[in-house]
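Going down the list, the protein sequences come from chains V and D. Per this note's numbering, residue 1 is the first one in the first sequence, and the count goes up by one each step. Per this note's numbering, residue 1001 is the first one in the second sequence, and the count goes up by one each step. Here the structure is laid out as structure tokens; the discussion comes afterwards.
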Amino acid sequence: MTKKKPTYSVEAEMRTSHATRAAEAAEGEPRRRTPPRRDDDPAVPARTPHATLAAEAAEWDSRRRTPSGFTDDDEAVPRAHEATAISIRIPNALLALLKKFAEREGIGYQVLIKRWLDDRLRLERERLRGLSPAGSPRARSRAPQFPLQDRDGDIHYQPA
Amino acid sequence: MYVTAHLVRSRSGDEGINGFLHHHGADFSWPPDAADLPDTAPGTIVLGRVDLPPGSNQVRAYLDVLAPDATPRAQIDQAMAAFARDLPERRNPTVFVLGTVTIRFGVERGLERIREPQLDMLAAVALALLDEEARREP
Chain V
1 MTKKKPTYSV EAEMRTSHAT RAAEAAEGEP RRRTPPRRDD DPAVPARTPH
51 ATLAAEAAEW DSRRRTPSGF TDDDEAVPRA HEATAISIRI PNALLALLKK
101 FAEREGIGYQ VLIKRWLDDR LRLERERLRG LSPAGSPRAR SRAPQFPLQD
151 RDGDIHYQPA
Chain D
1001 MYVTAHLVRS RSGDEGINGF LHHHGADFSW PPDAADLPDT APGTIVLGRV
1051 DLPPGSNQVR AYLDVLAPDA TPRAQIDQAM AAFARDLPER RNPTVFVLGT
1101 VTIRFGVERG LERIREPQLD MLAAVALALL DEEARREP
């Protein structure tokens, strides 16, 4: 059984640029177009259907989809290719808490875990070197976190 | 001494860099941890450079350099250079300490991928204020 070809394709319509159509209108006849891309051509990556994109956009708009479940891509993680994937069992309650914290910061929970591990390692390293005992004022010092607003006065910016 | 430079964006979308140089005075006892000084004891403004009038602007990036007033300029340059080298290994925002020089630097999330040029830009403004101060001194 063969499928009936659609008589109208949104994708094919989108391929016809506004400029081409404007030229056609001016000349009074259709200009030559490049052959339409064959969707079954393995050399051409399949396009995401408009309906799928629209549904995804609606999920972002309604905040049903947020970046909280995302992890950094290779470009965002320095030397990610030097990393090793490990498997670790985490109690459900702890995982739920981690996800809550990660959601508040707008990052993935795995990124948060790595960030907190990094924090602790730096702290322990400094403690071992005798530079900054855990709990000292230096250990508690924090750079101002964004978002920030400037102020008219001696203190030039503060949390917004 | 506390010199700060921050990239600001006004509500109308204009962007600029505001910078201020503060002195703490000879009687000021420099604390072992100076990272909180901008919020607790910023000192007295002696020089400023204002692109956008301060007040309710969005701060997109900041650089704070803190050191005792009599710190030689070479020591500050050395700390800045060490910090710039270490920056790729550091999180954002960050506090860096070398000797008596403390540096705070941060950029908002959208600028994280271009932290280095942001640091260069803000450092240029902050160090220019120190240069101007040196020229004014007899």
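Glycine included, each C-beta is placed from N, C-alpha and C at the ideal position. Note that this is a predicted model, so its numbers are computed, not measured.
Query raised in the report: Looking at leucine 1021 of chain D and alanine 1061 of chain D, is the spacing between their C-beta atoms short of 9 Å?
Result: Stepping through the second sequence from its first residue, residue 1061 of chain D is reached at position 61. Stepping through the second sequence from its first residue, residue 1021 of chain D is reached at position 21. Not in contact: alanine 1061 of chain D and leucine 1021 of chain D (Cβ atoms no closer than 9 Å).
**Report entry** At least 3 beta-carbon pairs within less than 8 Å: the region 1011-1025 of chain D vs the region 1043-1058 of chain D
**Finding:** yes
Query raised in the report: Taking one C-beta from the region 99-115 of chain V and one from the region 1062-1077 of chain D each time, how about it: are there three or more such pairs within less than 8 Å?
Result: no
Query raised in the report: What is the C-beta distance between leucine 1066 of chain D and threonine 1102 of chain D, in whole angstroms, given that I count them as a contact (C-beta under 8 Å)?
Result: Taking the first residue of the second sequence as 1, we reach residue 1066 of chain D at position 66. Taking the first residue of the second sequence as 1, we reach residue 1102 of chain D at position 102. At roughly 4 Å, the Cβ-Cβ gap stays under 8 Å, so leucine 1066 of chain D and threonine 1102 of chain D are in contact.
Report task. Take leucine 1037 of chain D as the anchor and find which of D:Asp1077, D:Arg1049, D:Met1001, D:Ser1010 has the nearest alpha-carbon. Result -> One-based indexing of the second sequence puts residue 1037 of chain D at position 37. Among D:Asp1077, D:Arg1049, D:Met1001, D:Ser1010, the Cα nearest to that of leucine 1037 of chain D belongs to D:Met1001.
**Report entry** Among D:Gly1048, D:Asp1077, D:Ile1017, the one whose alpha carbon lies nearest that of glutamate 1132 of chain D
**Finding:** As a position in the second sequence, residue 1132 of chain D is number 132, starting the count at 1. When only C-alpha atoms are compared, the closest one is D:Gly1048.
Report task. Return the CA-CA distance between valine 1097 of chain D and threonine 52 of chain V, expressed in angstroms with no decimal places. Result -> One-based indexing of the second sequence puts residue 1097 of chain D at position 97. One-based indexing of the first sequence puts residue 52 of chain V at position 52. Distance between the alpha carbons of valine 1097 of chain D and threonine 52 of chain V is about 50 Å.
Report task. Kindly list, in the order they appear in chain V, the residues whose Cβ is closer than 9 Å to that of glutamate 1108 of chain D. Result -> Counting from one through the second sequence, the residue named residue 1108 of chain D turns up at place 108. Neighbours of glutamate 1108 of chain D on chain V, chain order: Phe146, Pro147, Leu148.
Report task. Could you list which residues in chain V have their beta carbon closer than 7 Å to that of serine 1029 of chain D, in chain order? Result -> For this step, residue 1029 of chain D is matched to residue 29 along the second sequence. In chain order: nothing, as chain V lies at least about 14 Å away.
Query raised in the report: Going by Cα to Cα distance, which pick from D:Gln1078, D:Gln1118, D:Phe1028 is closest to proline 1088 of chain D?
Result: Along the second sequence, one-based indexing puts residue 1088 of chain D at 88. Cα-wise, what sits closest to proline 1088 of chain D is D:Gln1118.
Query raised in the report: When you check each C-beta in the region 1077-1107 of chain D against every C-beta of chain V, which residues fall closer than 9 Å?
Result: Pro1088, Glu1089, Arg1091, Asn1092, Pro1093, Thr1094, Val1095, Val1097, Thr1102, Arg1104, Phe1105, Gly1106, Val1107
Query raised in the report: So is aspartate 1039 of chain D in contact with chain V if we call contact Cβ pairs under 9 Å?
Result: As a position in the second sequence, residue 1039 of chain D is number 39, starting the count at 1. Yes, its Cβ sits closer than 9 Å to a Cβ of chain V.
Query - As assigned by DSSP and simplified to three states, the class of arginine 1060 of chain D - result: On the second sequence, residue 1060 of chain D is found 60 positions in, with the first residue counted as 1. It is a strand residue.
Query - Neighbour flag for isoleucine 155 of chain V against chain D, beta carbons, 9 Å - result: Stepping through the first sequence from its first residue, residue 155 of chain V is reached at position 155. Answer yes: the Cβ-Cβ gap between isoleucine 155 of chain V and chain D drops below 9 Å somewhere.
**Report entry** Start-end ranges of the beta strand (DSSP E) lying completely within the region 1037-1091 of chain D, minimum 3 residues
**Finding:** 1044-1049, 1058-1066
Query raised in the report: Are any of the Cβ atoms in chain V nearer than 9 Å to that of alanine 1035 of chain D?
Result: Residue numbering aside, residue 1035 of chain D sits at position 35 when the second sequence is read from its first letter. Chain V contact via Cβ: present.
Requested in this report: My understanding is that proline 1093 of chain D touches alanine 143 of chain V, with C-beta atoms under 8 Å, so please give their C-beta distance in whole angstroms.
Outcome: Here residue 1093 of chain D corresponds to residue number 93 of the second sequence, with the count starting at 1. Here residue 143 of chain V corresponds to residue number 143 of the first sequence, with the count starting at 1. About 4 Å separates the two Cβ atoms, so the contact holds.
Requested in this report: Please go through the same chain and pick out, in chain order, the residues whose beta-carbon is closer than 8 Å to the beta-carbon of leucine 148 of chain V, but skip the five residues on each side of it.
Outcome: For the purposes of this step, residue 148 of chain V is taken as residue 148 along the first sequence, with counting starting at 1. The answer, listed in chain order, is Tyr157, Gln158, Pro159, Ala160.
Query raised in the report: Along chain D, which residues have their Cβ under 7 Å away from the Cβ of alanine 83 of chain V?
Result: Numbered from its first residue, the first sequence carries residue 83 of chain V at position 83. In chain order: nothing, as chain D lies at least about 15 Å away.
Report task. Would you verify that the beta carbon of arginine 65 of chain V is, or is not, closer than 9 Å to some beta carbon of chain D? Result -> Counting from one through the first sequence, the residue named residue 65 of chain V turns up at place 65. Judged by the 9 Å Cβ criterion, arginine 65 of chain V is not in contact with chain D.
Report task. Buried or exposed for isoleucine 1017 of chain D, please, with buried defined as at least 16 other CB atoms from any protein chain shown within 10 angstroms of its CB. Result -> Along the second sequence, one-based indexing puts residue 1017 of chain D at 17. Classification of isoleucine 1017 of chain D: buried, given that the 10 Å Cβ count is 16 or more.
Query raised in the report: Distance, Cα to Cα, alanine 1079 of chain D vs threonine 84 of chain V?
Result: If you number the second sequence from 1, residue 1079 of chain D lands on position 79. If you number the first sequence from 1, residue 84 of chain V lands on position 84. So the alpha carbons of these two residues sit roughly 34 Å apart.
Requested in this report: Specify, as a first and last residue, the run of the alpha helix (DSSP H) that arginine 104 of chain V falls within.
Outcome: As a working note, residue 104 of chain V is residue 104 in the first sequence. Unbroken alpha helix (DSSP H) run through arginine 104 of chain V: 92-105.
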